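Taking full-length UniProt numbering, the leading residue of the sequence shown gets 1, the next gets one more, and so forth. C-beta atoms are modelled at their ideal positions from N, C-alpha and C, and glycine is treated no differently. Predicted model, so just to flag it, every value in this text is computed and none were measured. One structure below.
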Amino acid sequence: MTTFEEKSKQIMNLIDEKIKDSSSRKLLESIKDTPDISQNETNTVMFYLLHAIFVPTSKKVTRDHNGKINQVKHSIKDSQNSFMIFKNSVCEIEEYITLRRNENNPIQPFILIVGSPTHPKETIVFFDSIKYKVFSIINAIDVLMFQIDSFV
């Protein structure tokens, strides 16, 4: 057993112990109930659920069209969606990227997955308008970290 496999078991135990968010708990229970889940599927769920342990505390201050100041607190789902996006097809991924570009907001690096957390079919890292197709969530994290390190 590799060090990562040992640590991932510890992380999954921590997630099981600490998670309170109902949708995240439901996702965790679904992988527990799946007898033949692959390591990539387990890892995808694990990285996705880390956001339910490290609950976002940041707040964003915006102004509406009347100039009124609004404060928005980011949710666990917001945090998860800023890191990993799940779509049903590559076409939907392209539409999502186009939509994000049209919002004229900077697009931070993130992971795009065709499928669901429990059944990822394709994994793509989006960084600086370049898409890197990888074969597992671990490879996606490696590419993301390498690109961020080389960018800084």
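Flag Phe126 as yes if its beta-carbon sits less than 7 Å from any beta-carbon of chain B, otherwise no.
This model lacks chain B altogether; it includes just one protein chain.
Should Glu41 be labelled buried (16 or more other beta-carbon atoms within 10 Å of its own) or exposed?
By the 10 Å Cβ count, Glu41 comes out buried.
Boundaries (first-last residue) of the alpha helix (DSSP H) holding residue 172
Here the chain has residues from 1 to 152 only, and residue 172 is not among them.
Jot down the residue ranges of each uninterrupted alpha helix (DSSP H) in the segment 46-87, minimum 4 residues, whole runs only, in chain order.
Within the segment 46-87, the complete alpha helix (DSSP H) runs of at least 4 residues are 76-83.
Local conformation of residue 153 per DSSP, three classes
Since the displayed the chain opens at 1 and closes at 152, residue 153 lies outside it and no answer follows.
If you measure between the beta carbons of Thr137 and Phe4, is that distance less than 7 Å?
Contrary to the premise, residue 137 reads as Ile rather than Thr in this sequence. No; because the gap between Cβ atoms is not below 7 Å, this pair is not in contact.
Can we say the segment 12-27 touches the segment 67-74, given the rule of at least three CB pairs closer than 8 Å?
With a cut-off of 8 Å, the segment 67-74 and the segment 12-27 do not count as touching, because too few Cβ pairs lie within range.
Proximity winner among His74, Ser89, Asn88, relative to Ser82 (alpha-carbon distances):
Cα-wise, what sits closest to Ser82 is His74.
Considering only C-alpha positions, which residue in the set Phe135, Thr98, Arg100, Lys32 is nearest to Ile113?
For the options Phe135, Thr98, Arg100, Lys32, the alpha carbon positioned closest to that of Ile113 is the one of Phe135.
Within this structure, are the beta carbons of Thr123 and Ala140 separated by less than 7 Å?
Yes, they are a contact pair.
Quick check: what's the CA-CA separation for Lys32 versus Pro109?
Using only the alpha carbons, I get a separation of about 30 Å.
Give the secondary structure of Ile137 by DSSP, where H, G and I count as helix, E and B as strand, and everything else as coil.
The three-state reading of DSSP puts Ile137 in helix, counting H, G and I together.
The beta strand (DSSP E) that contains Ser116, what's its start and end?
Taken as a continuous stretch (DSSP letters only), the beta strand (DSSP E) holding Ser116 covers 110-116.
Between which two residues does the alpha helix (DSSP H) harbouring Asn13 extend?
Residues 3-18.
Since Ala52 and Asp21 should fall inside the 8 Å C-beta cutoff, what is the C-beta to C-beta distance between them, to a whole number of angstroms?
Between Asp21 and Ala52 the Cβ distance is about 5 Å, and since that is below 8 Å, they are a contact.
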